[in-house]
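Respectively, the protein sequence lines represent chains E and L.
According to the working numbering, the first sequence holds residues 132 to 472 in order.
According to the working numbering, the second sequence holds residues 29 to 287 in order.
In what follows, a single structure is set out as structure tokens and then discussed.
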Amino acid sequence: MDTTPRGAGGAEAVPPAPARRFGLGRVVGGFLVWREASVILVAVLLVLYFELTNGNFLSSDNIVTVSQFVAAPAIIACGEIMLLICKEIDLSAGQTFALAPFLVYFGAKFGLPVIPAIVVALLICAAIGLSIGLITVLLGVPSFVTTLGTYFLITGITLTISRGFPATPPGGGILTGIMGAYGYSEIIWALLIVALMHIVLRHTRWGLHTSAVGGNEVAAAEAGIDVRRIKVGNFILTAMLAGFTGIIEAYRVGSNDPLAGGSTIMFLGVASGVIGGTALTGGSGTIIGGFIGAVVLGVLQDGFTLQGINAFLFDGIIGAAILIAMIANIRLARWQRGVAR
Amino acid sequence: MSAPAESAGGIEAIRAENIVKRFGSILALNGVSIHVNRGEILGILGDNGAGKSTLIKILTGFHQPDGGRLFVDGEEVALASVDHARSLGIECVYQDLALINTLSVYHNMFLNRELSRPPFGLLDHREMRKRAAAALDDIGVGVPSVEAEVARLSGGQRQAIAVARAVYSNARILLLDEPLAAMGAREAGLIIDLVERLRSRGDIAIIMIAHNYAQTLDICDRVVLVQHGEITFESHSAETTVEELLEIVRREYRAARRA
Numbered sequence: 132m133d134t135t136p137r138g139a140g141g142a143e144a145v146p147p148a149p150a151r152r153f154g155l156g157r158v159v160g161g162f163l164v165w166r167e168a169s170v171i172l173v174a175v176l177l178v179l180y181f182e183l184t185n186g187n188f189l190s191s192d193n194i195v196t197v198s199q200f201v202a203a204p205a206i207i208a209c210g211e212i213m214l215l216i217c218k219e220i221d222l223s224a225g226q227t228f229a230l231a232p233f234l235v236y237f238g239a240k241f242g243l244p245v246i247p248a249i250v251v252a253l254l255i256c257a258a259i260g261l262s263i264g265l266i267t268v269l270l271g272v273p274s275f276v277t278t279l280g281t282y283f284l285i286t287g288i289t290l291t292i293s294r295g296f297p298a299t300p301p302g303g304g305i306l307t308g309i310m311g312a313y314g315y316s317e318i319i320w321a322l323l324i325v326a327l328m329h330i331v332l333r334h335t336r337w338g339l340h341t342s343a344v345g346g347n348e349v350a351a352a353e354a355g356i357d358v359r360r361i362k363v364g365n366f367i368l369t370a371m372l373a374g375f376t377g378i379i380e381a382y383r384v385g386s387n388d389p390l391a392g393g394s395t396i397m398f399l400g401v402a403s404g405v406i407g408g409t410a411l412t413g414g415s416g417t418i419i420g421g422f423i424g425a426v427v428l429g430v431l432q433d434g435f436t437l438q439g440i441n442a443f444l445f446d447g448i449i450g451a452a453i454l455i456a457m458i459a460n461i462r463l464a465r466w467q468r469g470v471a472r
Numbered sequence: 029m030s031a032p033a034e035s036a037g038g039i040e041a042i043r044a045e046n047i048v049k050r051f052g053s054i055l056a057l058n059g060v061s062i063h064v065n066r067g068e069i070l071g072i073l074g075d076n077g078a079g080k081s082t083l084i085k086i087l088t089g090f091h092q093p094d095g096g097r098l099f100v101d102g103e104e105v106a107l108a109s110v111d112h113a114r115s116l117g118i119e120c121v122y123q124d125l126a127l128i129n130t131l132s133v134y135h136n137m138f139l140n141r142e143l144s145r146p147p148f149g150l151l152d153h154r155e156m157r158k159r160a161a162a163a164l165d166d167i168g169v170g171v172p173s174v175e176a177e178v179a180r181l182s183g184g185q186r187q188a189i190a191v192a193r194a195v196y197s198n199a200r201i202l203l204l205d206e207p208l209a210a211m212g213a214r215e216a217g218l219i220i221d222l223v224e225r226l227r228s229r230g231d232i233a234i235i236m237i238a239h240n241y242a243q244t245l246d247i248c249d250r251v252v253l254v255q256h257g258e259i260t261f262e263s264h265s266a267e268t269t270v271e272e273l274l275e276i277v278r279r280e281y282r283a284a285r286r287a
């Protein structure tokens, strides 16, 4: 690898700064040019709205509740964002989510201590991701179709091994607390994973190559990037994150539910990513944006619950709110691009 | 064994002798010979399907020839793969396939050759930005910012960055596939300037596939005309004219219509 620049000239060359605005406009502009700014703005406005109409929204009890709405989609979003960036998707992440706590349960039942049982469960999730990845890249089946298959397949496995009955996650005491039962443990896991995945996406070769593969697969391969390896790796990552989320969610709730997660949790994860600014067309995305997208969704769910809106209308209102939030976000992002030019 | 020959430009960089390539029953190349020296630009002209792309793909190691010999720096080589050709300093810049539009200029420049820093091996964005800016500056490619997304640049700027990347990665034999296609006059001028600056360095041999006869004669030191898998005409640019080239192609066209 040649990393020595030839020629002395221009070593100090600093790229010219984008056109500056003045005064307040400049400060606002400076903030809004930041990639995740529009979704942060949407989140802040929603929090303000619910706090002003409720007065109770920012109470410490409610913040715990919101954090629990946010955590699971936020972690699943990390995986789905990596997949979306390299132009893939895992529709069965919610099924892996439901299966994983049962894997822990049966591991413990067969005599494994809890932590090794969790590790084994995550390895099995990795094997699921590996299978999805290999079917997708080796047989050329679009991942939309592959994971539609595994969506039903994994549900079948979960229902078979659980016989359709819930179970209590093994462990107890501090372990159960750390894994999810303490009020804030789930969101702390989510923040740790988000921070880690942000570094992976922005500051490692893996992240850059994932963006490259989604941006232009042919050019990435031309540059010597192993496109299949990147894709399979991200399927494994997504399945493991989904499984881990299922496990901590089971510890928080105190019960394994064979019908937990499913398409709802998967779509919340994907929606978080998309609200946060990850393009469905691949090539670019942001983990931080995805997290804030999950916050937006969590705030909406919790806020409307506090307002006590009609239970039948609930999903409809959430859906409309997601649409409005997304439209606001897209308009802002378009405007941002105009400013940054 | 053909020894490196001193001629126009400098030392011979690459030579192909009697290259034959078949795809099933189709004879794509029927004994094609070309050579380029360092500090020289060879233009390859010809219709679609004449065999230009096949020839380029043999020189980049993508296809293996069924007959003939290849010499790089006077040494006979059998190019096994694109990576092998690249390790010998042969790099091809394709018009639209080269860059990743969603990534920044400097990420494109360093794609799969990223710089990282200890202890965790995280990407060294600052150093890559600095070196990318220096490298672009060195060969006189102007972009608004190395942090700009490539999608926001003009066609000419994108092409220039692709060329700069190849040169920066130590390409000594540069193959340009239709570098001026679909480009306005100003954009084309940018690339022509860049190619001429690279020639004047004297250490790079350039092969350019092109369609536009006037531009090609203007830029290249020598031109060859490929027709139905053979070289039917070869000349120094100064010793031929657009009219002469057109007349050859016209003859070919008439012959084809009679057949």
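Backbone N, C-alpha and C define an ideal beta-carbon position, used for all residues, glycine too.
Three or more beta-carbon pairs under 8 Å between the segment 199-210 of chain L and the segment 164-172 of chain L, yes or no?
Result no; under three Cβ-Cβ pairs closer than 8 Å.
Residues of chain L with CB under 7 Å from His505(E), in chain order?
Past the edges of chain E, shown from 132 to 472, lies residue 505(E), and the structure says nothing about it.
Specify, as a first and last residue, the run of the alpha helix (DSSP H) that Met211(L) falls within.
That residue, Met211(L), is in no alpha helix (DSSP H); it is neither H nor E in DSSP.
is_contact[Glu142(L), chain E] using C-beta, thresh 7 Å
Yes, because at least one Cβ of chain E sits closer than 7 Å to the Cβ of Glu142(L).
Where does Trp320(E) land, buried or exposed, given buried means 16+ other C-beta within 10 angstroms?
By the 10 Å Cβ count, Trp320(E) comes out buried.
Tell me which same chain residues have a C-beta within less than 8 Å of the C-beta of Ile263(E), skipping the five on either side of it?
Hits under 8 Å: Asp221, Ser223, Ser274, Thr277, Thr278, Thr281, Phe366 and Ala370.
Would you call the segment 112-131 of chain L in contact with the segment 324-336 of chain E, where contact means no fewer than 3 C-beta pairs closer than 8 Å?
No, the segment 112-131 of chain L is not in contact with the segment 324-336 of chain E.
Taking only beta-carbon atoms, is Ala231(E) less than 7 Å away from chain L?
Under the Cβ distance rule, Ala231(E) does not count among the residues neighbouring chain L, no pair being separated by less than 7 Å.
Say whether chain L places a C-beta atom closer than 7 Å to the C-beta of Ala343(E).
For Ala343(E), the answer is yes, since a Cβ of chain L falls inside 7 Å of its Cβ.
Below 7 Å between beta carbons: does that hold for Gly257(L) and Ala56(L)?
Between Gly257(L) and Ala56(L), the gap from beta carbon to beta carbon is short of 7 Å.
Relative to chain E, which residues along the segment 85-102 of chain L have a C-beta separation below 9 Å, given in chain order?
Taken residue by residue, none of the segment 85-102 of chain L has a beta-carbon sitting less than 9 Å from a beta-carbon on chain E.
Check whether the segment 335-343 of chain E touches the segment 208-218 of chain E, taking contact to mean three or more Cβ pairs, one atom from each stretch, closer than 8 Å.
Short answer: they touch.
Contiguous beta strand (DSSP E) assignments of at least 3 residues, all confined to the segment 220-247 of chain L:
Entirely contained in the segment 220-247 of chain L, the beta strand (DSSP E) runs reaching 3 residues are, in chain order, 233-237.
Exposure label - Gly416(E); buried when at least 16 CB within 10 Å:
Gly416(E) comes out buried.
Along chain L, in chain order, which residues have C-beta atoms closer than 7 Å to that of Ile356(E)?
Against Ile356(E), the close residues of chain L are Asn140, in the order they occur along the chain (beta-carbon pairs closer than 7 Å).
Which residue spans inside the segment 37-124 of chain L form an unbroken alpha helix (DSSP H) run of at least 4?
Taking only runs of at least 4 residues, the alpha helix (DSSP H) segments lying wholly in the segment 37-124 of chain L are 80-87 and 110-115.
Quick one: is Thr130(L) near chain E, going by C-beta distance under 7 Å?
Chain E, which has a Cβ nearer than 7 Å to the Cβ of Thr130(L), makes this yes.
Going by C-alpha distance, which of Asp101(L), Gly74(L), Arg286(L) and Gly212(L) is nearest Met236(L)?
Per the Cα distances, Gly74(L).
Going by C-alpha to C-alpha distance, which of Leu151(L), Ser132(L) and Ala209(L) sits closest to Ser176(L)?
The sequence shown places Ala at residue 176(L), not Ser. Distance from the Cα of Ala176(L) is smallest, within the candidate group Leu151(L), Ser132(L) and Ala209(L), for Ser132(L).
What's the gap between the Cα of Arg82(L) and the Cα of His91(L)?
Checking the sequence shown, residue 82(L) turns out to be Thr, not Arg. Distance between the alpha carbons of Thr82(L) and His91(L) is about 8 Å.
Which of the residues in the segment 220-242 of chain L, read from start to end, lie with their CB under 8 Å from any CB of chain E?
Hits within the stretch: zero.
Look at the Cβ atom of Pro204(E), then the Cβ atom of Gly400(E), and state whether they are nearer than 7 Å.
With respect to Gly400(E), Pro204(E) sits close: the two C-beta atoms are nearer than 7 Å.
Please confirm whether Ser61(L) and Glu45(L) have their CB atoms less than 7 Å apart.
For Ser61(L) and Glu45(L), yes; Cβs fall inside 7 Å.
Quick one: grab the DSSP three-state call for Ala459(E).
In the structure shown, Ala459(E) falls within a helical segment according to DSSP collapsed to helix, strand and coil.
DSSP state of Val174(L) mapped onto helix, strand, coil:
Three-state DSSP puts Val174(L) in coil, outside helix and strand.
Going by other Cβ atoms of all chains shown within 10 Å of its Cβ, with 16 needed for buried, is Ala210(L) buried or exposed?
That one is exposed.
Of the choices Ser169(E), Leu234(E), Asn193(E) and Ile206(E), whose alpha-carbon is the least far from that of Asp388(E)?
In this structure, Leu234(E) is the residue among Ser169(E), Leu234(E), Asn193(E) and Ile206(E) with its C-alpha nearest to the C-alpha of Asp388(E).
Option in Gly413(E), His329(E), Thr289(E) and Gly414(E) with minimal Cα separation from Phe422(E)
Looking at the Cα atoms, His329(E) is the closest of the given residues.
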